[in-house]
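In the working numbering, the protein residues as written are 50 to 698.
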């Protein structure tokens, strides 16, 4: 007779085989399925956008990401621990999709360790966690093969919505370290007053231009150009006035072939009025007009109209020096967070932007481009004729005659999508005037071959979606409206009071990033609020609020009555009678009863929440073990019945 194997030994062998199989599967999956992930979060928080994936696919040299995080920070402040987990998982996602070009190092900068020394050397920000002076870190330092460095000194939870944008920008700057080329066409003296330079004085550029030069290559173009170079990343057009047709055509073709543009127009440029010169003498029109190209791009600026906003108005002196009178100037606006697009990376992290007599941008009906407002008025706004805010405006009269439209007015916007040329009839004729030997203009017949070649080379439609940021205000550039300029031992110190320069730098930064960076928008937050509990608490407050208010009023009345009776005795007047003393005791007893009722009401506010808490605790602690126990009992009973049937057979 053949001996049957011991069941216990067979089960042990099967368990060991199962364990070996599980380990093998994990090892194989860890090495072959690194990039296979499933994002089940609301809003797809961990799914990278197409723009980020495109940049990662273009990486040609290795980039090292060093993530410095002190676990003590998450232990003491759990919200930072949740955010740190998200940052780490996002970095792991970047590394997984980079095909080995991104190396991720996760480091714990313990006090007095080499990791902490390296974090400090990179410039990461240490934050004291307690009175003992222990520093904690939560930042990122990245380097490329040429030792260029990009850092996030400290991950701020306030920027969690822009986490992907910040990380992608960091990787892009290291992978493609070329400086952004910004070309400027301006009728305002952004580079300094040339008249002052001719008189031997050093021209003083606008503060915003000084800041842009620190990170970008700035080029100044004249007002009469044939073509914009292909290596220009962003074209900055400021206050376009009387530009030649060939210059407008050069801008048109630049945008259609994929160039990005940042355009500042104005129905009333107070900056121009303050910097009058030979080209724009005092009294000349202070408006600019770019609507020929704007119309081709699907929007327009309302000519001769200024955006006025009573809610965002800045406070000014509407009187005289002898008799000052403060009043709201509805044409000078201080735009706050509520007036900014919080979902756009250009404005999402700004707090305040000051503008002066800015205009209104509107999308055109039937436009194929997408018009996304960046800066807007409140609904307490209207349009005012530009003539009313010129020279010496009647501030009080504007406020008195104010009639809101009950709708927001866009002052700055981002425009993207397919567009057509503003020159459907072909390139404009060359309007250059040539002089003969006698100094008189010489008429030249256009070369038909050259005209035909230019027409064939013209782009009629955009080669790719256009990307334009338009701002209906040029005074946003003038530091008089957004900063305080001080002299410190011969050095010019600019102290910002608004985020105007940050707005312009963000716009150039996003536009220069190309379509990949422009496609990035703000994402959601990994912190998930307890909406069910919050709604339950709100419902309970609605039910008991009236009762609670009534009890609080009665309690206050009883306390006031006791104080009144006691003050009579303490003021040295007649001694309290037995009835008054009894009344005080009665009021005290009533006060105690009211407090008890108030506690009962406040306890009732928590009953539903406490009930839900008890249910969740039961499910987490007891229900699962109970179900597992029932399943084990049922399985044991079934196996027992099978054994009995086998024995009977």
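Yeah, the Cβ is synthetic: ideal placement off N, Cα and C, and Gly gets one too.
Report task. Could you tell me which of 212, 118, 200 sits nearest to residue 139, measuring between CA atoms? Result -> Looking from the CA of residue 139, the closest CA among 212, 118, 200 belongs to 212.
Query - Where residue 343 falls: helix, strand or coil (DSSP) - result: Secondary structure at residue 343: helix, using DSSP grouped into helix, strand and coil.
**Report entry** Counted within 10 angstroms of its Cβ, other Cβ atoms place residue 478 as buried (16 or more) or exposed
**Finding:** Exposed, by the Cβ-count rule.
Query raised in the report: Looking only at C-alpha atoms, which of 281, 229, 240, 241 sits nearest to residue 264?
Result: Relative to the Cα of residue 264, the nearest Cα in the group 281, 229, 240, 241 belongs to 229.
**Report entry** Close beta carbons around residue 236, own chain, < 6 Å, minus the five adjacent residues each side
**Finding:** Cβ neighbours of residue 236 within its own chain (closer than 6 Å, five residues either side excluded): 288, 290.
Query - Contiguous alpha helix (DSSP H) assignments of at least 4 residues, all confined to the stretch 325–404 - result: Taken in chain order, the whole alpha helix (DSSP H) runs of length 4 or more contained in the stretch 325–404 are 340–345.
Query raised in the report: What are the start and end residues of the alpha helix (DSSP H) that includes residue 175?
Result: Where residue 175 is concerned, there is no enclosing alpha helix (DSSP H), given that its DSSP letter is neither H nor E.
Query raised in the report: Should residue 577 be labelled buried (16 or more other beta-carbon atoms within 10 Å of its own) or exposed?
Result: Residue placement at residue 577 cannot be trusted, given a pLDDT of 49 that sits under 50; what the coordinates show is reported in the next sentence. Exposed, since its Cβ has fewer than 16 Cβ neighbours within 10 Å.
Requested in this report: Count the other CB atoms, across all protein chains shown, that sit within 10 Å of the CB of residue 377; report buried if there are 16 or more and exposed otherwise.
Outcome: By the neighbour-count rule (16 or more Cβ atoms within 10 Å), residue 377 is buried.
Query raised in the report: Just to confirm, are residue 112 and residue 168 a CB contact at a threshold of 8 Å?
Result: The answer is no: Cβ separation not under 8 Å.
Report task. Find out if the Cβ-Cβ distance for the pair residue 354, residue 434 is shorter than 8 Å. Result -> For residue 354 and residue 434, yes; Cβs fall inside 8 Å.
Query raised in the report: Would you say the stretch 435–444 touches the stretch 390–403, given that touching needs at least three Cβ pairs under 8 Å?
Result: Segments in contact, no.
**Report entry** Enclosing beta strand (DSSP E) for residue 425 [first to last residue]
**Finding:** Here the beta strand (DSSP E) through residue 425 covers 419–425.
Query raised in the report: Within this structure, are the beta carbons of residue 104 and residue 269 separated by less than 8 Å?
Result: Going by C-beta atoms, residue 104 is not nearer than 8 Å to residue 269.
Report task. Please say whether residue 303 and residue 286 have beta carbons closer to each other than 8 Å? Result -> In this structure, the beta-carbon distance from residue 286 to residue 303 does not fall below 8 Å.
Query - Sequence-distant residues of its chain with Cβ nearer than 7 Å to residue 298 (five each side left out) - result: The beta carbon of residue 298 sits closer than 7 Å to the beta carbons of 472, 476, 477 from its chain, once the five residues preceding and following it are set aside; these are given in chain order.
Query raised in the report: Expressed to the nearest angstrom, what Euclidean distance is found between the alpha-carbon atoms of residue 74 and residue 68?
Result: Spanning the alpha carbons of residue 74 and residue 68 requires a straight line of approximately 10 Å.
Query raised in the report: For residue 513, which of helix, strand or coil comes out of DSSP?
Result: Assignment of residue 513 by DSSP, reduced to helix, strand and coil, places it in the coil class.
Query raised in the report: Could you give the residue range of the alpha helix (DSSP H) that holds residue 214?
Result: Unbroken alpha helix (DSSP H) run through residue 214: 212–224.
Query raised in the report: What distance in whole Å lies between the Cβ atoms of residue 412 and residue 429, which are believed to be in contact at a cut-off of 8 Å?
Result: The distance from the Cβ of residue 429 to that of residue 412 is about 22 Å, inconsistent with a contact at the 8 Å cut-off.
Query raised in the report: When you compare only the Cα positions, how much space is there between residue 421 and residue 225?
Result: The alpha-carbon of residue 421 is positioned some 28 Å away from that of residue 225.
Query raised in the report: For residue 159, does the three-state DSSP call read helix, strand or coil?
Result: Coil.
Query raised in the report: Going by C-alpha distance, which of 323, 280, 306, 203 is nearest residue 173?
Result: Nearest of 323, 280, 306, 203 to residue 173, Cα basis: 203.
Query raised in the report: How many angstroms separate the CA atom of residue 296 from the CA atom of residue 106?
Result: Looking at the two C-alpha atoms, the distance is approximately 37 Å.
**Report entry** Alpha-carbon to alpha-carbon, residue 130 and residue 252
**Finding:** In this model, residue 252 and residue 130 are separated by some 51 Å (Cα to Cα).
Query raised in the report: Residues in its own chain within less than 7 Å of residue 274 by CB, not counting five upstream and five downstream?
Result: Taken in chain order, the residues that qualify are 296, 299.
Query raised in the report: Would residue 205 be called buried (16 or more neighbouring beta carbons within 10 Å of its own) or exposed?
Result: When all chains shown are included, residue 205 counts as exposed.
Requested in this report: Counting only the same chain and skipping the five closest in sequence on each side, list residues whose C-beta sits under 7 Å from that of residue 146.
Outcome: So the list reads 84, 97, 102, 105, once near-sequence residues are dropped.
**Report entry** Assigned secondary structure, residue 473 (DSSP; H/G/I helix, E/B strand, else coil)
**Finding:** Three-state DSSP puts residue 473 in coil, outside helix and strand.
Requested in this report: Would you mind working out which of 401, 315, 219 sits nearest residue 143, comparing C-alpha positions?
Outcome: Closest by alpha carbon: 219.
**Report entry** Exposure of residue 271, with buried meaning 16 or more beta-carbon neighbours within 10 Å
**Finding:** So residue 271 counts as exposed.
Query - Classification of residue 462 by the beta-carbon crowding that lies within 10 angstroms, buried from 16 upward - result: Burial call: buried.
Query - Proximity of residue 405 and residue 381 at Cβ, strictly below 8 Å - result: Note that the C-beta distance between residue 405 and residue 381 is below 8 Å.
**Report entry** Contacts around residue 89, its chain only, beta-carbon distance under 6 Å, and the 5 residues preceding and following it disregarded
**Finding:** Caution applies to residue 89, whose pLDDT of 49 falls short of 50 and renders its modelled position unreliable; the model cannot decide the point.
Query raised in the report: Just to confirm, are residue 464 and residue 525 a CB contact at a threshold of 8 Å?
Result: With respect to residue 525, residue 464 sits apart: the two C-beta atoms are not nearer than 8 Å.
Query raised in the report: Nearest-angstrom Cα distance between residue 474 and residue 196?
Result: Whole-angstrom Cα-Cα distance: 52 Å.
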